[in-house]
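Structure first, commentary second.
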Amino acid sequence: MEWNGFSVLKIRCAFPRGVAAGFFFEIQIEVRTLTRMRKILTVALVLGFKSIWAQFGVAFHQSNLPFVGVHYEWKDRFRSELRIGVDQYTDNLSFEGAGFFDVIDKTDFEFYAGLGFRTRDFSGLVLPVGLNVYPFPVKNFGLHMELATLFSEENWLLRGSWGIRYRFRKSNAP
265 MEWNGFSVLK IRCAFPRGVA AGFFFEIQIE VRTLTRMRKI LTVALVLGFK SIWAQFGVAF
325 HQSNLPFVGV HYEWKDRFRS ELRIGVDQYT DNLSFEGAGF FDVIDKTDFE FYAGLGFRTR
385 DFSGLVLPVG LNVYPFPVKN FGLHMELATL FSEENWLLRG SWGIRYRFRK SNAP
């Protein structure tokens, strides 16, 4: 990750070994674009606050690399999540972004698979699969388990986590 201090943020990911050896991608974001994106998001939140709020949720994952996440669900099967590592100093914070698809979507549980990217410690590709269970009559609060493979530049790691999840949506009690 590179920031020139004024106008451009560059993120570059390279895979030196394995199936994707020699493959890399680079993302450049201009500050003007970030400002526009912030304005568009603000307008969307103000105009559709009630329906948008009903789709958000939060989660805590406990593991050897614990993290908290904020997610947004749409069409009951797709979810994007921004995750931030916890139990570490702020200058070592890791960020992770992922998109998920609920392969099995029942009232009491969801089995999901996804794809994402992680920065800082073990930066690189993330391939998570997991299970969300909603055992209570009101299906907003649940428990989850996840197994994710983290492919970093130098190696790969298999991370298991468990935790709690809360969805800010209208209750769908039977």
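According to my numbering, the stretch in the sequence shown is residues 265 to 438, in order.
Using N, Cα and C, we set each Cβ at its ideal position, and we do this for glycine too.
Simplified DSSP state of residue i, which is helix, strand or coil
i: threonine 413; result: strand
i: aspartate 366; result: strand
Cβ-Cβ separation, residue j to residue i (assumed contact under 8 Å), whole Å
i: arginine 343; j: valine 332; result: Not really, about 15 Å apart at Cβ, beyond 8 Å.
i: arginine 433; j: asparagine 404; result: 6 Å
Residue i versus residue j: straight-line alpha-carbon distance, rounded
i: leucine 414; j: tyrosine 353; result: 21 Å
i: valine 424; j: serine 327; result: According to the sequence provided, residue 424 is glycine. The question's valine does not apply to it. Cα to Cα, the separation comes out at about 6 Å.
i: proline 399; j: alanine 377; result: 21 Å
i: valine 402; j: glutamate 345; result: 22 Å
i: arginine 429; j: methionine 409; result: 10 Å
i: phenylalanine 375; j: aspartate 355; result: 34 Å
i: aspartate 351; j: aspartate 366; result: 29 Å
Requested in this report: Could you pull out every unbroken beta strand (DSSP E) segment of at least 3 residues lying fully inside the segment 371-416, listed in chain order?
Outcome: 373-382, 388-397, 405-416
Query raised in the report: Using 8 Å as the threshold, is the segment 390-405 in touch with the segment 362-382, meaning 3 or more CB pairs across them?
Result: yes
Query - Complete beta strand (DSSP E) runs within the segment 317-344 (minimum length 3 residues, chain order) - result: 320-326, 331-338
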